[in-house]
Structures are given as C-alpha cells and as structure tokens.
Amino acid sequence: MAEVLVLAELNPAGGGVRKTTLEALTAARALGEPSAVVLGAPGTAAGVKDVLAEYGAATVYVAESADIDDYLVAPKAEVLAQLVSEKSPAAVVIPSSPEGKEIAARLAIKTGSGFLTDVTEIASDGTATQAAFAGATIVHSQVTVGTPIYTLRGNSVTPEAAPSAGAEQPVSVSVSDSAKQVRVVERVVEQKSNRPELTEASIVVSGGRGVASAENFSVIEGLADSLGAAVGASRAAVDSGFYPHSFQVGQTGKTVSPQLYVAVGISGAIQHRAGMQTSKTIVAINKDPEAPIFELADFGVIGDLNTVVPAATEQINARK
Numbered sequence: 001m002a003e004v005l006v007l008a009e010l011n012p013a014g015g016g017v018r019k020t021t022l023e024a025l026t027a028a029r030a031l032g033e034p035s036a037v038v039l040g041a042p043g044t045a046a047g048v049k050d051v052l053a054e055y056g057a058a059t060v061y062v063a064e065s066a067d068i069d070d071y072l073v074a075p076k077a078e079v080l081a082q083l084v085s086e087k088s089p090a091a092v093v094i095p096s097s098p099e100g101k102e103i104a105a106r107l108a109i110k111t112g113s114g115f116l117t118d119v120t121e122i123a124s125d126g127t128a129t130q131a132a133f134a135g136a137t138i139v140h141s142q143v144t145v146g147t148p149i150y151t152l153r154g155n156s157v158t159p160e161a162a163p164s165a166g167a168e169q170p171v172s173v174s175v176s177d178s179a180k181q182v183r184v185v186e187r188v189v190e191q192k193s194n195r196p197e198l199t200e201a202s203i204v205v206s207g208g209r210g211v212a213s214a215e216n217f218s219v220i221e222g223l224a225d226s227l228g229a230a231v232g233a234s235r236a237a238v239d240s241g242f243y244p245h246s247f248q249v250g251q252t253g254k255t256v257s258p259q260l261y262v263a264v265g266i267s268g269a270i271q272h273r274a275g276m277q278t279s280k281t282i283v284a285i286n287k288d289p290e291a292p293i294f295e296l297a298d299f300g301v302i303g304d305l306n307t308v309v310p311a312a313t314e315q316i317n318a319r320k
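The sequence shown begins at 1 in full-length UniProt numbering and counts up by one.
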C-alpha cells in the first residue's frame with residue numbers, strides 16, 4: 001500500500017495531538033497507509049506516538065532538533081521536503097492551520113509539486129473537494145504535478161481510530177542557513193478558557209452586531225457553555241469592540257466547520273458566510289425576518305435574542 005505522509009500538528013507546551021491531526025490521518029487513509037511526521041524540539045514525540053498509532057500511523061517519523069524548534073516554519077518545510085524526496089510518498093496531508101498552509105506552500109515550491117488548500121474531502125483517486133466563493137461553489141480538483149499536497153480544513157472529517165504499528169523512525173535533521181533567517185526569541189502561551197478551541201469545536205455559538213454590547217456577550221457565552229461550545233463573533237461585533245478579534249469568524253477571521261453553528265444577532269453578510277458556510281447544521285436567531293442568514297440556516301428563530309437565547313440556555317441546562 002502506498003505511503004501517505006501526514007504532518008502532525010501538536011498543541012503548545014506538551015499539550016498533545018491536535019484534533020486536526022487525527023482528522024488528517026483519517027482523511028489520508030483514502031490514499032494509502034498514513035505515516036505521521038513529528039517535527040519539533042527533542043522529546044516532542046514521546047507523548048504523542050501512541051495517539052498517532054491509534055489513529056492509523058503505521059510509521060511515526062521523528063525529527064527532533066533545536067534547529068527546528070528555534071526558528072519559524074522554514075526548517076519544518078525543509079525537513080519535510082527531505083522526507084518527500086527520500087520516501088516518495090503518494091501524497092502529503094497537512095492540517096489547514098495558518099502554519100500548515102505556509103509549510104504546504106513552501107513544500108510545494110521545494111518539491112515542484114501542486115497543492116490544494118482547505119480541502120474538505122479526499123477521494124481514493126486523489127480528487128479533492130473544496131468550497132469556493134464562500135461555499136457557493138463546490139470544486140473538485142486533482143494535482144497533476146509532483147507529489148500531491150493537501151491541507152485539510154478542520155472539522156471536515158470525523159476522526160476515526162484505526163490502530164496501526166506506529167513504528168518510530170528517527171529522521172536526521174539537516175537545516176540550511178537560509179532556513180534559519182528568522183529566530184523565535186520568545187513564546188507566550190495564550191491563556192485559554194475551558195471552552196473548546198474555535199477552529200476545532202464541534203459546536204460554535206457566534207454573536208453579531210445584534211448583541212449590541214460587550215456586556216451582553218455574556219448571553220452568547222452562557223448558551224455556548226450550556227452546549228459545551230466555542231464562542232465566535234462576526235466582524236461587525238469585533239469591529240464594534242464587543243469581542244476580541246481572535247474570535248472572529250469570517251473571510252478575514254477564522255474558518256470553522258462544526259457539526260452545529262448557532263448564529264445569534266448576525267445578519268449573514270457574505271464576509272461572515274465565508275467562514276462558516278460549510279457547517280453541518282446552521283441555526284439562526286435574529287429579530288429581522290429578512291436577514292440574509294435565514295437563507296443559509298437549516299433552522300431559524302425570529303425573535304429578540306435577549307429573550308430567545310436565555311430561554312434556550314435555561315432549557316438546555318434543565319435537561320442535563
């Protein structure tokens with residue numbers, strides 16, 4: 001069976017494997033036998049090999065070096081390119097995070113390969129599915145040059161365990177001087193709440209301009225916490241200072257594709273749709289019956305969010 005390299009995306013400070021990596025391992029099985037690639041500081045792979053094996057990694061390539069950890073993404077792309085040259089895999093699958101996209105682009109240049117970004121599905125013949133123009137068009141594409149490289153959009157594939165050998169294979173790290181031009185001088189771990197990561201959450205509750213104030217976002221947070229969901233915000237809400245920019249969902253923010261997306265007080269502008277239109281089920285709560293978001297929603301509630309959302313939160317909590 002052909003080998004498919006999957007770049008492992010890990011949580012910072014030894015936080016384990018990100019869900020996006022498990023999704024990538026699952027998607028890669030359509031093309032062949034997945035092998036995980038772990039890049040980082042010495043000791044990085046120790047706590048993640050078992051999980052990678054559980055989700056299908058027949059081999060875990062371990063490239064650990066300060067030369068990788070002390071610099072930005074260039075060394076990672078270089079080491080991955082060396083592996084592609086040595087192993088001649090059928091394809092490379094990378095989580096579609098900001099870093100993953102940059103590594104994929106650099107890898108494509110280094111290997112003379114084509115790559116497809118933000119794919120939502122990979123077929124056994126290598127055909128990738130992408131959502132274009134804010135989800136208005138579905139595109140099916142294939143790479144015809146070099147080793148196909150894909151970046152997989154988060155929450156597009158449900159991770160499925162498929163225990164495999166997970167045999168560790170050390171990789172010799174040799175990084176060129178040109179890849180060491182930008183050094184990391186400090187890392188600050190962001191203080192996170194107990195809520196799921198926005199781009200990985202299976203449920204997202206987002207608030208828009210209709211929430212009306214930063215203080216009133218507590219209504220959004222209450223519903224999110226009752227559902228075990230992440231909190232998002234529209235650009236209008238962020239620009240109004242209601243919520244931090246890091247939670248923005250949309251064309252200039254983050255792209256999410258959860259099982260359930262609840263849009264509260266969001267009109268449904270095309271900019272916001274671009275970041276959430278591929279959600280499996282969309283629920284809209286808005287007092288304006290003509291709001292464009294209702295054209296997209298699977299379920300719509302016309303009403304004042306200050307009445308509807310607390311009532312929904314109360315009912316959900318009562319059922320726990």
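Ideal placement from N, C-alpha and C gives every residue a C-beta, glycine not left out.
Quick one: what's got a C-beta closer than 8 Å to residue 326's C-beta in the same chain, skipping five residues either side?
The requested residue 326 does not occur in the structure, where the chain is confined to residues 1 to 320.
On a CA-only basis, which of P159, P75, A233, T111 is nearest P89? Give me that one, please.
T111
DSSP three-state assignment for D69, whether helix, strand or coil:
helix
Same chain, Cβ closer than 7 Å to H245, five either side skipped, listed in chain order
V238
The beta strand (DSSP E) that contains L5, what's its start and end?
3-7
G250 to E215, Cα distance in whole Å?
22 Å
A291 burial status per 10 Å Cβ neighbour count (16 or more: buried):
buried
Quick check: the Cα distance between L116 and K320, rounded to an integer number of angstroms?
42 Å
Can you tell me whether S85 is helix, strand or coil according to DSSP?
helix
Below 8 Å on the Cβ atoms is my guess for I122 versus A131; work out the distance and round it to an integer in Å.
That belief does not hold up - the Cβ atoms of I122 and A131 are roughly 14 Å apart, past 8 Å.
With a floor of 3 residues, list each beta strand (DSSP E) that falls wholly inside the stretch 138-210, ordered by position along the chain.
149-152, 167-170, 203-207
Can you give me the C-alpha to C-alpha distance between A91 and R106, rounded to a whole angstrom?
15 Å
Considering only C-alpha positions, which residue in the set S141, A212, A229 is nearest to N286?
A212
Taking the C-alpha atoms as reference points, what is the distance between D125 and S85?
22 Å
Is T158 buried or exposed, if buried means 16 or more other CB atoms sit within 10 Å of its CB?
exposed
If you pair each beta-carbon of the stretch 141-160 with each one of the stretch 42-50, do three or more pairs fall below 8 Å?
no
Quick check on L31: does DSSP put it in helix, strand or coil?
coil
Can you give the Cα-Cα distance for T120 and N11, rounded to whole angstroms?
22 Å
Coarse secondary structure for D50, derived from DSSP in three states:
helix
If you run the structure through DSSP and keep just helix, strand and coil, what is K101?
helix
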